[in-house]
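Colleague: Protein chains in written order, with the numbering used here: chain F, 1164 to 1834; chain W, 37 to 93; chain B, 9 to 144.
For each residue, glycine too, the CB sits at the ideal point set by N, CA and C.
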Amino acid sequence: MCSLPERLRGVVLALTLAASAASQASLDLSFDRLQAPALTLEQVSVSLQALDRGPARLRIVRARIAGRELSDLRLDCTEFSIHPEVRCRGGVLHVRGQEPWRLEFALTGAQRTLEARVQPPGSPPIDIEGALAGAHPHLRLRTRAADLVRLMALDPALQTAVAAYAPAGRVDVDAQLHDFGAGRSVQIDARVDLHDARFSSADGLRGAEGMALGIDIRARADGARWNGDLSADWRAGELLWDAVYLKGGGTALTSRFAVDAGQLTLTNGALDLAQVGRLSFSADWGRSATGAPALHSARIEGRAFDLEALNARFIAPLSAVHGWPALTLSGRADIALSVDAQGPETARLQLHGVALADAAGRWSMDRVDADLPWQREQPTAPRATVAGAHFGRIPLGPFELRAALSSDRVSIEPVRIPVLDAGLRLNQLEFVQDDGRWRGDLAFDLEPVSMSALSEALGLPRMAGSFAASVPGVRWRDGVLALDGQMLIRVFDGYVAATGLKLVEPFGTTPRVLADLQMRYIDLEALTDTVKFGRVTGRLDGDVTGLELLRWRPVAFDAHIRSSQGDYPRVISQRAVQNITALGGPGAAAAIQRSFLGFFERFGYRRIGLSCVLRDGVCEMDGLGNKGGGFVLIEGGGVPALSVVGYNRRVDWPELLDRLSRVTGSAPVVR
Amino acid sequence: MNRPLYALLIAAAMLSGCVTINIYFPAAAAEKAADRIIDEVWQLKKEQGAKPEGNQP
Amino acid sequence: MNALKRIALLAALVASAAWAQGNLEINTPAISQIKSGMQARHAQLAPHYASGAVGLGADGAVALRDASAVPLAQRQAVQGLVAQENADRAALYREIARANGHPEWEADIRNTFAQRWIERAQPGWYVQSGGQWSRK
C-alpha cells in the first residue's frame, strides 16, 4: 500500500566508492533486492555525482508495488543531496511504457519527515507529506482536480470494467494514513470529492451528468480486517439508469462497514432521499462457490415515506416509460424487505392514510390503511381498509378487504362494498398461478340500486326503478375476461341478460367486447321518461346478437327490438313520434299523416318493431314489414291509429347516434 | 366478389391435382393504404389528390 | 386436363390481379382513433427522428437508437413516447388486418408499413435495414 523506507531490508551486494582524481567525487550503489510491505524493488542501482548537491540517477530493473509490476524504472534528479537531508529536486521518473512523471521529495531528520510532490503526466500534482518514523507515523496525500479517467487507468481491471460507460470527471482527494508500521493498526481517513462527473452507456439509457459526490471514509485495520464508516453525499447532478431517473441534492448515504478477505458487511446503513424519507439498511456480501461476489443477506426498512414525493421521483417516471397509467398518490408508507442468498425472503408494505387515484380521474380511493405482508415460504394475510372510493362517477362506501396471499395464489375474502344505496357483494376474487401463467376468477352480485340515485350520480336525467346485476362467474385467462353463463341486469322493470360476454385485452390499446344480449319486458314508460324521448307506454323485447365493441364503441351487431307479447296499454305521444321520425332521417317523415299530428297528443299502436344490422359503420334497418317502398316501424291500432314507416334502410351509424343525442338532448346511452 | 372464381379454381386444382392455390396478400393495395395512413400521421400532404410518389426524391 | 390447367392459371392471375386492384379498408372507427393518436404524437416524435434519437425500425416499429441525443432529464419521456407509439403501431397493423377480414395478414401489413415508413422518411432520419442503422 505504501512504501516504508525505514523498514527497507536491503541486501547490499556491492558498494563501490570510486573517488576520481579530479575534484568531482562520484558514488555508485547497487542493491539486488529491497523489500518493504507491499513493495519490492529488484536490481536497484544509484549513481551520484556528489554527496551534497548534484545530479543523480536511480535505476530499478523491476518493481512490484501493491501487486502491480513495473519494469525499467529510472529516476533522474537534477539536484540530489544526501546530507543534511535526502532531497531530490527536478526529478523525472521514467517507467517503461509510460510517460515520464515529475517527482520531487525531501526526507529529513530522525522522524523521516517526508515532503514530496508527484506529478503524473497531464495531471495536477499530488502532494505527499508526513513522518515515516517516530511514535506516530503518518502520511497525508492530497490532490485537486485530478482526472478521473487517468486515475482509473492506474487500475487496468477497473478501467476495462467501466470502459463501456465512458466515465469522466475531476477528483479531489485528501487522504491520511496513521499509525502504520509493525505492531500498529493502520488507520485511513480519506475524503474524496467527485465533481463535474459524468458517464454514459452507448445507447444513452444509462448515464449521469454534472455529478457532484462527496465520499468520506474512516477505517482502521484489525489484522486482515478493516472496520470503518462510510458516508456519501450526492450534492448535485442527474442520473439515469434505464427507467429510473434521479436528481441529486439531499441524497446521502451513511454506513458502518467491515471488509475481510472476500467479505463485506454493511451495518447501521442509512439512505436519505430528499423529501421522500430515510431508508435504513444492512447487508452482507461474501463469495459464492465460483468465487464471484454474492449477496448473502440484506435488510431494508423505511418508515413514514412520503408517497407524494416518492411518486413524483420514482413511480410516475417509471410508469411513463412503460406506458402505464399515471397515478396520483399521497400519504405515508412503511416498507420493509429482507433478502437472503436465494432472493427476496419477506416484504411488508404498510399504508397510512393513503389517497390513491388514477391521474385520468377514472377511479380513486381515499384514506386507505393497509398492511400488506409477503413471505416467500409462508402464506400471509394482507388486509386493507378503504374509507371511500370512486369508480367513474359512482361513489363506493367504506369497506375492508382481507386477502390470503401465497406464492401461487391471491384470494380476497367475500366482502360487501357499499354502492350508492345498495351494495356490491364480491363473492369470489381469486388469482392462481398455473404453469407460470396467472388466471383469475370473479363472482359478484349487485344488490338493487335505485335508478334515481344511479342516474343522479352519473349526471343523467333522473330515472325510476332499480338496477341490479348478478354475475356468477368471470374468468380471466391470457388477457381475455370471459363470462361464464349469463349476467343478469334488472332494469326498467324488465331485465337484460348478457351471454357469451368477453373482454379481450380490456387494458390494451384496442380493448374488444363481444356479447349477445337479450332484453325482456322492458317498461317503455320508465325508459322514455328517463331519456326524455317523449312518452311511450308499453313493453319491449330485444335481442342483440354478435355485439362487438372495439375501444368501447359498437362496430358490429344484429339488433332486433319488438313489442313484448301480452296485454298492456300501448300509447305513444306526439313528441315521441316526432323524435322517431327525426331518427329515421328526412325519408321517414313522408309517410306520417301530418294532418292528424296537429290534433292529437297521444296515439294508439299495435306493435313496434325495429332492427338494425351494423356492419362497417352502416346500420341496415328494417321494421315489422314492408309497406310501399318502406318498412313499418310502428303499426297503428286503436283510435287514433298511427303508423310510422321508414324509407332509409341504410343509415350511417355515427349519423344515427348524432340524431339520437340531438333528440334526447343528452348523451345517448350507447355511445 | 371472386367467390365463383375461387370455386372454379379449387375445382380445377382438385381435378388437375397439381396447381397450388394461394390467397395472395394484396401487397399493392397494402402499400397504398400504408401511404394514405403515413400521409395523415406525418401530415405530409396538405394538398389532396396528388400522387403519393409525386414529391418523393 | 391441359385446358383445365390453363383455366386455373388464368383464373389465378385474374384473381390475384383483382385483389391487387382493390383497396384495403382503413376507414373503421378503431383505425381512425389509432391514427389520430399517432398523428398527435408525431409532433413530439418528429424532433427525435431529426436528431437521430429515434429511428424507424425494419420491423415497422420505432426504436430508441441513441438516447444520448436527448437531454438526460427527457430520456424517460422519449422512452415513453416510443413505447406508446409502438403499442399504437401494433394495434394499427392488427386492426387493418382485422378490418379486412384477414387477421392473418397482420405480419404482411406490418412488413409493408415497415418499408413504407422507411421509404417515406425525411432526409436526415435514421432508418434500419438488416440490423444496421443508416441516415437517409
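1) Can you list, in chain order, the residues of its chain whose CB lies under 6 Å from that of F:ARG1280, leaving out five sequence neighbours each side?
2) Mind checking which residues open and close the alpha helix (DSSP H) that includes B:HIS50?
3) Pick out whichever of F:ILE1580, F:ARG1388, F:GLN1596, F:ASP1597 has its Cα sitting closest to the Cα of F:LEU1589.
4) Quick check on DSSP: helix, strand or coil for B:GLU127?
5) Secondary structure at F:ASP1692, three-state DSSP: helix, strand or coil?
6) Helix, strand or coil, according to DSSP, for F:LYS1410 in the structure here?
7) Answer yes or no: does any C-beta atom of chain B fall closer than 7 Å to that of F:VAL1484?
8) Pop quiz: F:LEU1492 and F:GLU1471 are said to be a contact at Cβ under 8 Å. What is the actual Cβ separation, rounded to whole angstroms?
9) Quick check on the DSSP output: the alpha helix (DSSP H) that includes F:HIS1485 runs from which residue to which?
10) Quick check: what's the CA-CA separation for B:GLN41 versus B:TYR57?
11) List the whole-angstrom C-beta distance separating F:PHE1630 from F:VAL1612, where the pair is believed to meet the contact cut-off of C-beta under 8 Å.
12) Quick one: using the 10 Å Cβ neighbour count with 16 as the cut-off for buried, is F:GLU1688 buried or exposed?
13) Evaluate W:TYR60 with the Cβ neighbour count: other Cβ atoms within 10 Å of its Cβ, from every protein chain shown; 16 or more gives buried, anything less gives exposed.
14) Within 10 angstroms of the Cβ of F:LEU1376, are there 16 or more other Cβ atoms? Answer buried if so, exposed if not.
15) Determine the direct distance from the alpha carbon of F:GLN1350 to that of F:PHE1839, and round the result to whole angstroms.
16) For the putative contact between B:ARG124 and W:GLU67, defined by C-beta atoms under 8 Å, what is the C-beta separation to the nearest angstrom?
17) Is the Cβ-Cβ distance between F:VAL1484 and B:GLN87 less than 7 Å?
18) Between the beta-carbon of F:SER1445 and the beta-carbon of F:LEU1429, is there less than 7 Å?
19) Nearest to F:VAL1707 by CA position, among F:HIS1723, F:SER1451, F:PHE1194, F:ARG1361, is which residue?
20) Give the straight-line distance between the Cα atoms of F:LEU1677 and B:ASP96, rounded to the nearest whole angstrom.
21) Could you give the distance in angstroms between the alpha-carbon of F:ASP1310 and the alpha-carbon of F:ASP1356?
22) With a threshold of 7 Å between beta carbons, is B:ALA51 in contact with chain F?
23) Closest by CA to F:GLY1516, which one among F:HIS1246, F:LEU1221, F:ARG1530, F:ALA1510?
24) Let me confirm a value: B:GLN130 is counted as buried when at least 16 other C-beta atoms fall within 10 Å, else exposed. Which label applies?
25) Can you give the beta carbon distance from F:TRP1264 to F:LEU1256, rounded, assuming they're within the 8 Å contact cut?
26) Whose Cβ in chain W lies nearer than 8 Å to the Cβ of B:ASP116?
27) Would you report the Cα separation of F:TYR1768 and F:ALA1645, rounded to the nearest angstrom?
28) Using 7 Å as the limit for Cβ to Cβ distance, is F:GLY1367 near chain B?
29) For B:TRP125, which residues in chain W fall below 7 Å Cβ to Cβ?
30) List the DSSP bridge partners of F:GLN1538.
31) Find the residues of chain B that neighbour F:TYR1408, judging by a C-beta separation of less than 9 Å, and give them in chain order.
32) F:ILE1478 to F:GLN1741, Cα distance in whole Å?
33) Give me the Cβ distance between F:GLY1555 and B:ALA91, rounded to the nearest whole Å; I'm assuming they're in contact under 8 Å.
34) Going straight from the alpha carbon of F:GLY1370 to that of B:LEU80, what length do you get?
35) Reducing DSSP to helix, strand and coil, say where F:LEU1519 ends up.
36) Is B:THR120 close to chain W? Criterion is C-beta to C-beta, closer than 7 Å.
Modeller: So, to answer that:
1) GLU1267, PRO1288, ASP1290
2) 37–59
3) F:ILE1580
4) helix
5) helix
6) strand
7) yes
8) 6 Å
9) 1479–1485
10) 23 Å
11) 5 Å
12) buried
13) exposed
14) buried
15) For chain F, the structure presents residues 1164 to 1834; residue 1839 of chain F sits outside this window and is missing.
16) 6 Å
17) yes
18) yes
19) F:HIS1723
20) 21 Å
21) 12 Å
22) no
23) F:ARG1530
24) exposed
25) 4 Å
26) PHE61, ALA63, ALA66
27) 40 Å
28) yes
29) ILE74
30) F:THR1509
31) LEU80, ALA81, ARG83, GLN84
32) 55 Å
33) Rounded, the Cβ-Cβ distance is 26 Å, inconsistent with contact.
34) 7 Å
35) strand
36) yes
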